[in-house]
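Respectively, the protein sequence lines represent chains W and X.
Taking this note's numbering, the leading residue of the first sequence gets 1, the next gets one more, and so forth.
Taking this note's numbering, the leading residue of the second sequence gets 175, the next gets one more, and so forth.
Down below is the structure, laid out as structure tokens.
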Amino acid sequence: MIAYQSGELSAFEQLYALLADEVRRYFSRTHGNRSVVPDLVQETFLEMHRSRPTYAPPLPMRPWVFGIARNVSARNFRAAQMRPPTQAMEAEAELPLETLGNAMPLADALDTERAIETLPRSVREPWLLHHAFGFSFESIAARLGITPMAAKLRSSRATKALRVALSVRRGRQR
Amino acid sequence: MNQARVPAALLNAVKSDLQPVRPLAAPMRRALMLLPLGIAMLVGIPAFWTWQAHLKVLAPWPSWLLSVLEIGLSLLILAASFREAIPGRELSAKWIAALVGVALMVFVLVNPTLPSPPQLSSNTLAHWMWECIVRATTFSIPALVLPVLVASRGLPNRPALMGALCGLGVGFMGDAGLRLLCWDGDYAHVILAHGGAIAILVGLGALSAVIVERVRSRRLTKRGLAR
């Protein structure tokens, strides 16, 4: 840790090798959602890097590292509390086009195209840019002059509208 | 030994900012760096509020010694707050209880050494209370910024507690100066006015530390590798 504080990268790699598994186990125990664990481990080591001046060398290192892990964990819980509906919308907005198609097997390409055309322009553009052209929400936001969150929301609304439109058509076909 | 490899994104982030750093000084040493602030409050509050007009009514020298004792205690509380901000070195419940207990004891023993006033109307007493709160907080609230910033260099897991301790420390500094010019040593006045000023600072300290921590964590969440 002293070598790391004096700027040696190899010391950081050694610390990572030594502690990553323990930190991973800690987050696996404290978080129900296992998919966030690798992110939290990385976040902890990044925070450890930012906060490296707070470590006082003669003291044991593990309490310091796990203190940081607790901080990262609390921050993650707070962030999750602040954005539950958005996350759900984000997941929905990121559904690939094929998923939409699978959900409605009777809807053919023509129906989908017509349904897309009926969408208001404000939500159609972000949806097409993301699902048809594969742009990230950040680049869509930059392109359309809106925030990434707004891009996600508009794309999500478009998905919902498409789903409704296509299920109506499917109903008619039956 | 496990040979886990550092993910590339993390390694790049670390590489981009890998400068030698000096570990933070011990909490007590950092608290001692705030001694000039304590002295400024000890001398500044009575000097400012009694400037020229009432210099003669300032407390006698034994009272100044008791105020110096309060400044010492405030530095100890600030050191505890700085320690609370270091990951893995958080104060145990016993230590916090002991510290708050000692602080209360000193507050209760030191302040009523002032003379109690003769029977006065409740309006006058209320006016004095208000005066004491205003006089203490006018100096203490701006002074609170410095310890909160010093403490925020750490990574507090309990920012509210850390800030409350900062507020308590600065509150004692303010009280050390305030008691030198206060005319009322009555228990009700001491507890409501002087204690009230300290309570305000404890609340403000907790609030400001939480806000600082939230702002920082929001910024870090945005900047983080994973998101």
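In this text, a Cβ means the ideal position worked out from N, Cα and C, and glycines have one as well.
Bear in mind the structure is a predicted one, so any value in this text is a computation, not a measurement.
Worksheet item: How is the alpha helix (DSSP H) around Val319/X delimited, first residue to last?
Response: Its alpha helix (DSSP H) spans residues Ser296 to Ala325.
Using a beta-carbon distance cut-off of less than 9 Å, what residues from the segment 183–195 of chain X approach chain A? Absent from the structure: chain A. Protein chains present are W and X.
inquiry  = Please list the terminal residues of the continuous alpha helix (DSSP H) segment that includes Asn76/W.
reply    = For Asn76/W, the enclosing alpha helix (DSSP H) has its first and last residue at Arg62 to Met82.
*Can you give the Cα-Cα distance for Leu216/X and Thr224/X, rounded to whole angstroms?*
Cα to Cα, the separation comes out at about 13 Å.
Open item on the list: Taking CB distances under 7 Å as the criterion, tell me whether Ala178/X reaches chain W.
Closed with: Yes, Ala178/X counts as interfacial toward chain W.
Q | Outcome for Val282/X when other beta-carbon atoms lying within 10 angstroms are tallied against a minimum of 16 | A | By the neighbour-count rule (16 or more Cβ atoms within 10 Å), Val282/X is not buried but exposed.
Range covered by the alpha helix (DSSP H) that runs through Ile365/X: Run containing Ile365/X: none; DSSP gives neither H nor E here.
* Straight-line gap, Thr147/W to Leu278/X (C-alpha atoms, nearest Å) -> So the alpha carbons of these two residues sit roughly 51 Å apart.
Let me make sure I understand the geometry here. Which of Asn297/X, Glu387/X, Ser296/X and Glu305/X has the alpha-carbon closest to that of Arg353/X? The shortest C-alpha separation from Arg353/X is found at Glu305/X.
field: Nonlocal neighbours in the same chain, by C-beta distance under 6 Å from Ala151/W, ignoring five residues either side
entry: Sequence-distant partners of Ala151/W (beyond 5 residues in either direction) whose C-beta falls short of 6 Å from its own C-beta, in its chain, are Pro126, Phe137, Ile140 and Ala141.
Three-state class that DSSP yields for Thr147/W in the structure shown: The three-state secondary structure of Thr147/W, taken from DSSP, is coil.
Review point. Whose CA, out of Ala350/X, Pro236/X, Val195/X and Val344/X, lies closest to the CA of Pro208/X?
Key: Looking at the sequence provided, one finds Leu at residue 208/X rather than Pro. Cα-wise, what sits closest to Leu208/X is Val344/X.
Taking Gly134/W as the reference, give the member of Val72/W, Arg121/W, Leu46/W and Ser155/W with the closest Cα.
Nearest C-alpha to Gly134/W: Ser155/W.
Among Pro201/X, Phe222/X and Leu206/X, the one whose alpha carbon lies nearest that of Leu355/X: If we check each option's Cα against that of Leu355/X, Phe222/X comes out closest.
- Cβ shell of Val322/X (< 8 Å), same chain only, five flanking positions each side left out: Within the same chain, Val322/X has close Cβ partners Gly337, Cys340, Gly379, Ser382, Ala383 and Val386.
Quick one, which of Leu166/W, Leu119/W, Pro120/W and Ile2/W has its alpha-carbon nearest Pro58/W's?
It is Ile2/W whose Cα lies nearest to the Cα of Pro58/W.
Practice task
Would you please state the rounded distance, in angstroms, between the beta carbons of Trp302/X and Asp358/X? I believe it to be under 8 Å.
Solution key: Right, their Cβ atoms sit about 5 Å apart.
Q.
Looking at Pro197/X: is its Cβ nearer than 7 Å to the Cβ of Pro38/W?
A. Contact: no.
In angstroms, rounded to a whole number, what distance separates the CA positions of Gly369/X and Ser248/X? Between Gly369/X and Ser248/X, the C-alpha separation is close to 14 Å.
Contact list for Ile260/X against chain W, beta-carbon separation under 7 Å: Per Cβ cutoff of 7 Å: Thr54.
> Distance, Cα to Cα, Ser28/W vs Gly275/X?
Replying inline: Distance between the alpha carbons of Ser28/W and Gly275/X: 39 Å.
Query - Three-way DSSP call (helix, strand, coil) for Met336/X in this model - result: Here Met336/X sits in helix by DSSP.
Requested in this report: Please compile the residues from chain W whose C-beta is within a distance smaller than 9 Å of the C-beta of Gly218/X.
Outcome: What Gly218/X touches in chain W: nothing, since even the nearest Cβ is about 32 Å away.
Exercise for review: Could you tell me how far apart the beta carbons of Ala69/W and Val23/W are, in whole angstroms, since I believe they sit closer than 8 Å?
Suggested key: The Cβ separation is near 6 Å, so the contact holds.
Under the assumption that Leu119/W contacts Ala158/W (Cβ atoms under 8 Å), give the Cβ distance between them as a whole number of angstroms.
The C-beta distance from Leu119/W to Ala158/W rounds to 5 Å, short enough to fall under 8 Å.
Exercise. Just the Cα atoms here: how many angstroms apart are Ala199/X and Glu13/W?
Worked result: Straight-line measurement puts the Cα of Glu13/W at about 26 Å from the Cα of Ala199/X.
Length of the line joining the Cα atoms of Ala17/W and Met61/W: Rounded to the nearest angstrom, the two C-alpha atoms are 14 Å apart.
Report task. Would you decide whether Ala107/W is buried or exposed? Buried here means 16 or more other CB atoms lie within 10 Å of its CB. Result -> Summary for Ala107/W: the model assigns pLDDT 45, below 50, so the residue's position carries little reliability; its value from the coordinates is reported in the next sentence. Buried: at least 16 other Cβ atoms inside 10 Å.
* Backbone CA spacing between Arg257/X and Asn186/X [nearest angstrom] -> Put simply, the backbone Cα of Arg257/X is about 31 Å away from that of Asn186/X.
- Task: Taking only the alpha-carbon atoms, compute the straight-line gap between Ser167/W and Leu153/W and give it to the nearest angstrom.
- Result: Cα to Cα, Ser167/W sits roughly 21 Å from Leu153/W.
Verify the CB distance criterion: does Leu211/X have a CB-CB separation below 7 Å to chain W? Under the Cβ distance rule, Leu211/X does not count among the residues neighbouring chain W, no pair being separated by less than 7 Å.
#### Entry: Secondary structure, alpha helix (DSSP H): runs of 4+ residues fully inside the segment 8–71 of chain W
Within the segment 8–71 of chain W, the complete alpha helix (DSSP H) runs of at least 4 residues are 9–30 and 37–50.
| task | State the DSSP-derived secondary structure class of Leu95/W, mapped to helix, strand or coil. | result | A caution first: Leu95/W carries a pLDDT of 48, below 50, which makes its placement in the model unreliable, though a value can still be read off. Looking at Leu95/W - three-state DSSP - the assignment turns out to be coil, as it is neither helix nor strand.
With 7 Å as the C-beta to C-beta threshold (strictly closer), list the residues of the segment 33–45 of chain W near chain X in chain order. Interface annotation for the segment 33–45 of chain W against chain X: Asp39, Gln42, Glu43 and Phe45, criterion Cβ-Cβ distance under 7 Å.
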